[in-house]
Amino acid sequence: MALAKFDVSKKVPISRAKIGDESQRWKNVTLKAMGGSEELSFPVMQASTVNEVRVMLAEVLGEDLSKIELYEKKGCQMKRLRNHEEVPTKVLVKGIKNFARKVEIYPHPFVVLGAGHLGLRQALHWQKIGQDFILFDRKSKIGGNAWNGIANKTSKLQSEGAHYQLDYDVSDGVERLLPFNKYSFWPSRDDILGHFHDVVTEYNLWPHMVMSTQIMDIEIIPEPKGAHERMKAYKVKHLHVGDRFQGQQDATQNALAEFSGQTLGMGEAMASCMAFYPGALASPHRKTFPGEDIFGGQVGYGFNDEFDYTKTTGQNGIVIGMGAFAVENIRTVMENNSGKFYIIARHHNLLLPRMLSWYVNQSRMPPPAAVILRAMEPMYKYYGKDPWSYHSVMTNADRSVASIKQYTRWGIGDIYFLGVFYGKVETVEGQLKRLKRRMAVITSGRVIKDIDHVIKTLGFDSDFGIDKINHTKKHVGYWPDGDYRRWVASDQSAIDASRFGGTAISPYAALCAYWGTHFMHYPEDGKRLLEAKILAENVAKPEVGAAAYMFEPRVAATVQVAYGSSVPEMGDWQASNDAFKKTSMWAVCPPERFLEECEKDWFHYCRKFKEFGDDREFPPYPYTLDWTFDLLRQEEEDGIQFAVKGGQLTKEQADELRESNIGKFEQRCGEAK
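In our numbering, each residue's number is its place in the sequence shown (first place is 1) plus 120.
Structure follows, in structure tokens:
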């Protein structure tokens with residue numbers, strides 16, 4: 121296992137010297153591990169004491185303070201330095217072998233729950249660093265609930281394939297990422313499951329995986345009296361459930377309810393640390409609407425192949441809901457040459473065109489909401505609405521700043537807008553009140569007639585079973601009841617921000633795998649964070665379907681900021697990961713190539729509509745190379761302004777960088793043309 125180096129300069133000891141005192145001046149101190157050759161230099165104040173340096177070393181290296189002693193060489197003699205003495209510029213350190221942080225060693229394996237993208241990414245990280253682990257999943261096959269229970273056989277990834285890969289890892293670089301000719305920009309369900317299988321096989325994760333097995337309960341076993349706290353353990357009680365949940369939409373809470381009280385097939389495993397990845401698509405909402413029994417057409421849910429889309433050819437219908445799954449269902453019915461479909465939603469939710477999803481996911485720094493909204497305008501001309509006018513948007517008079525808050529994640533794609541243009545899709549504000557024979561009555565009073573299909577995409581609740589098996593009362597950050605040896609993380613199912621960091625999962629999955637492990641390996645960092653009380657807390661909110669681990673989006677953002685800004689290694693890793701977002705996207709999915717594929721797909725559907733009998737002139741794709749590179753220039757400008765405000769760039773340097781960026785983008789745009 122690689123040892124982590126710590127930048128001690130970020131934990132410089134601060135002396136008690138008074139401001140203006142001579143002792144406020146700085147000096148460089150060089151430490152050398154006794155008996156070794158490794159040295160470490162960093163600045164301290166003149167009056168910094170020996171004890172301050174000892175405490176700093178013990179904290180950041182995870183060593184026992186009582187064993188650390190500082191010495192100064194005086195001729196042929198070694199003088200032991202007393203705690204109150206001013207630390208000299210050259211010091212020998214006794215009690216440590218080197219300046220690498222000490223990784224905590226535990227008596228039991230780690231455990232991860234969930235074989236979806238995030239759970240597999242955690243397992244892959246542990247395998248790479250040599251950490252023993254066990255992975256549990258109630259399904260018999262990998263893929264998690266999203267791809268092995270919720271997805272239809274026609275489902276495709278809505279964000280970009282470049283950032284939906286288990287091999288996304290800043291330490292490995294872009295060489296491990298699958299290119300477009302092996303993994304589509306928008307891979308299908310089966311492509312994704314095949315990729316998961318290939319990576320699990322290549323890294324030999326199978327021996328660590330216990331499938332068809334549900335964790336039923338976790339018992340915390342305190343460390344024996346007088347023992348080190350690393351001896352605390354978790355007794356994991358697990359039950360073999362066979363193929364009961366394969367291909368089903370389910371959550372931990374469903375398994376707990378169904379197998380409550382069963383002991384046959386129950387086993388136990390001891391774990392020292394645990395990670396849980398329940399996913400945002402845990403428990404789908406199901407509701408029977410009045411009149412379903414007399415409707416006379418097909419009524420079903422738009423996931424897990426519960427709906428027969430082939431029957432929609434030439435027929436009309438409604439889709440209830442306007443989230444990501446509603447967008448997917450519109451694509452599928454359009455591909456089956458349906459008639460007209462109406463989206464029934466409380467409000468018009470903002471949808472994200474493909475080019476903007478790409479733009480957000482390749483950005484080093486989260487783009488402002490105002491930039492995203494302006495960039496939506498060309499596509500929204502086909503929709504017939506101004507994106508700034510949506511209920512979810514708050515902005516000022518000149519639209520220079522904005523924030524977006526809506527209770528569903530982005531639906532990503534271009535086909536929805538094309539469907540509206542061709543008169544095949546219409547959004548109806550309101551809720552379904554009741555069904556009648558081939559009719560839908562909306563709460564607004566509108567009656568939609570001559571419909572044959574009702575597709576329900578009603579959203580998802582989080583997994584309350586995760587709270588139950590952990591006996592969670594509240595979450596402190598991603599830790600149930602503030603236990604930094606248990607990490608519970610999920611992607612968000614809503615939007616609330618003035619900047620947007622991404623729609624892709626892989627960068628977040630890599631972050632979770634690294635961050636959660638960090639506190640398991642370096643528990644002192646977890647203790648300091650808890651003592652500082654800077655992590656947001658959360659309790660379960662059953663009335664809105666949110667378990668304790670599911671923070672509201674804006675609060676979740678503050679949790680990530682707290683983690684990243686409070687632990688130097690994590691902040692450094694996040695900075696590298698942010699830069700890798702752009703490097704990886706441009707390597708696998710460069711702007712010219714991605715725009716070309718978006719256009720191809722756009723006109724592919726235009727030709728389909730023509731084949732289906734609509735001979736109107738094809739509408740042009742609303743985004744161009746010039747537009748794309750101008751948007752990228754705006755991204756660079758946003759970064760320049762941020763750097764100037766922070767003092768990292770002078771005005772002259774900023775002007776020079778602007779000129780360089782303009783030339784760079786103009787040249788690349790010209791070459792692409």
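C-beta atoms are modelled at their ideal positions from N, C-alpha and C, and glycine is treated no differently.
Pair within 8 Å by beta-carbon distance, residue i and residue j
i: Ile341; j: Lys355; result: yes
i: Ala624; j: Asn481; result: yes
i: Arg296; j: Ala271; result: no
i: Tyr669; j: Ser613; result: no
i: Phe300; j: Val708; result: yes
i: Gln242; j: Ala633; result: yes
i: His641; j: Glu192; result: no
i: Gln166; j: Arg200; result: no
i: His315; j: Gln285; result: yes
i: Tyr303; j: Gly269; result: no
i: Gly234; j: Gly264; result: yes
i: Arg484; j: Lys702; result: yes
i: Glu655; j: Ala682; result: Glu is not the amino acid found at residue 655; the sequence shown has Leu there. Contact flag set, yes.
i: Thr150; j: Lys210; result: yes
i: Leu715; j: Leu745; result: yes
i: Gly434; j: Asn457; result: yes
i: Gly417; j: Arg558; result: yes
i: Leu376; j: Lys588; result: yes
i: Ser477; j: Asp363; result: no
i: Pro404; j: Phe423; result: yes
i: Lys352; j: Glu339; result: no
Whole-number beta carbon distance between residue j and residue i, since they are thought to touch under 8 Å
i: Val687; j: His638; result: 7 Å
i: Ile568; j: Tyr462; result: 6 Å
i: Ala444; j: Gln278; result: 6 Å
i: Phe230; j: Cys393; result: 5 Å
i: Gly636; j: Trp607; result: 3 Å
i: Pro507; j: Met514; result: Contact flag wrong, Cβ pair sits at about 13 Å.
i: Ile760; j: Lys556; result: Contact doesn't hold; Cβ gap of about 59 Å is too wide.
i: Pro487; j: Tyr500; result: Pro487 to Tyr500, Cβ: 17 Å. No contact.
i: Lys273; j: Asp425; result: 6 Å
i: Phe305; j: Glu757; result: Not quite, the Cβ-Cβ distance comes to about 27 Å (not below 8 Å), so this is no contact.
For residue i, the first and last residue of its enclosing alpha helix (DSSP H)
i: Asn301; result: Element bounds for Asn301: n/a, residue is neither H nor E.
i: Phe723; result: 711-731
i: Ile262; result: Neither: Ile262 is in no alpha helix (DSSP H) and is coded neither H nor E.
i: Gly437; result: From DSSP, Gly437 is part of no alpha helix (DSSP H) but of the beta strand (DSSP E) over 437-440.
i: Gly239; result: 237-249
i: Ile312; result: 309-322
i: Arg474; result: 474-482
Beta bridge counterpart(s) of residue i as assigned by DSSP
i: Gln418; result: His573
i: Thr150; result: Ser161, Lys210
i: Met386; result: Leu359
i: Ala347; result: In DSSP, Ala347 forms no bridge with anything.
i: Phe762; result: Bridge partners of Phe762: none, in fact.
i: Asp794; result: Outside the shown range of the chain (121 to 793) lies residue 794, about which nothing can therefore be said.
i: Met485; result: Answer is none; Met485 lacks a bridge partner.
Range of the contiguous beta strand (DSSP E) that encloses residue i
i: Glu189; result: 189-194
i: Met670; result: Note, Met670: premise wrong, no beta strand (DSSP E); not H, not E.
i: Pro163; result: 159-165
i: Ile341; result: 333-341
i: Thr515; result: 513-515
i: Gln526; result: 522-526
i: Met198; result: 197-200
i: Thr547; result: 545-549
i: Leu655; result: Here Leu655 belongs to no beta strand (DSSP E), and DSSP marks it neither H nor E.
i: Arg115; result: It is not possible to answer for residue 115, since the shown part of the chain is limited to 121 through 793.
i: Trp326; result: That residue, Trp326, is in no beta strand (DSSP E); it is neither H nor E in DSSP.
i: Phe230; result: 230-233
i: Asp603; result: Careful: Asp603 lies outside any beta strand (DSSP E) and carries neither H nor E.
i: Leu555; result: 552-556
i: Val180; result: That residue, Val180, is in no beta strand (DSSP E); its alpha helix (DSSP H) goes 170-181.
Residue i: CB within 7 Å of a non-hydrogen atom of the ligand FAD
i: Pro404; result: This structure does not include the ligand FAD; it has no bound ligands of any sort.
Worksheet item: How do the stretch 430-450 and the stretch 571-578 stand: do at least 3 beta-carbon pairs fall below 8 Å, yes or no?
Response: The stretch 430-450 vs the stretch 571-578: in contact.
Fill in: Given 8 Å, three or more beta-carbon pairs between the stretch 545-556 and the stretch 477-491
Because the criterion of three Cβ pairs below 8 Å is not met, the stretch 545-556 and the stretch 477-491 do not touch.
Discussion item. Does the structure place the stretch 174-193 close enough to the stretch 214-222 that three or more beta carbon pairs sit under 8 Å?
Written reply: Contact between the stretch 214-222 and the stretch 174-193 is established, with three or more Cβ pairs separated by less than 8 Å.
Worksheet item: Pairing CB atoms from the stretch 536-545 with CB atoms from the stretch 716-732, are three or more of them under 8 Å?
Response: Yes, the stretch 536-545 touches the stretch 716-732.
Fill in: the stretch 310-329 contacting the stretch 241-256, beta-carbon criterion three pairs below 8 Å
Counting C-beta pairs with one atom in each stretch, the stretch 310-329 and the stretch 241-256 have three or more that are closer than 8 Å, which means they touch.
Worksheet entry | Sufficient close CB pairs (3 or more, under 8 Å) joining the stretch 656-674 to the stretch 579-587 | Contact between the stretch 656-674 and the stretch 579-587 is present: 3 or more CB-CB pairs across the two stretches fall below 8 Å.
Worksheet item: Do three or more CB pairs link the stretch 521-530 to the stretch 464-479 at distances below 8 Å?
Response: Three or more Cβ pairs closer than 8 Å define a contact, and the stretch 521-530 meets that threshold against the stretch 464-479.
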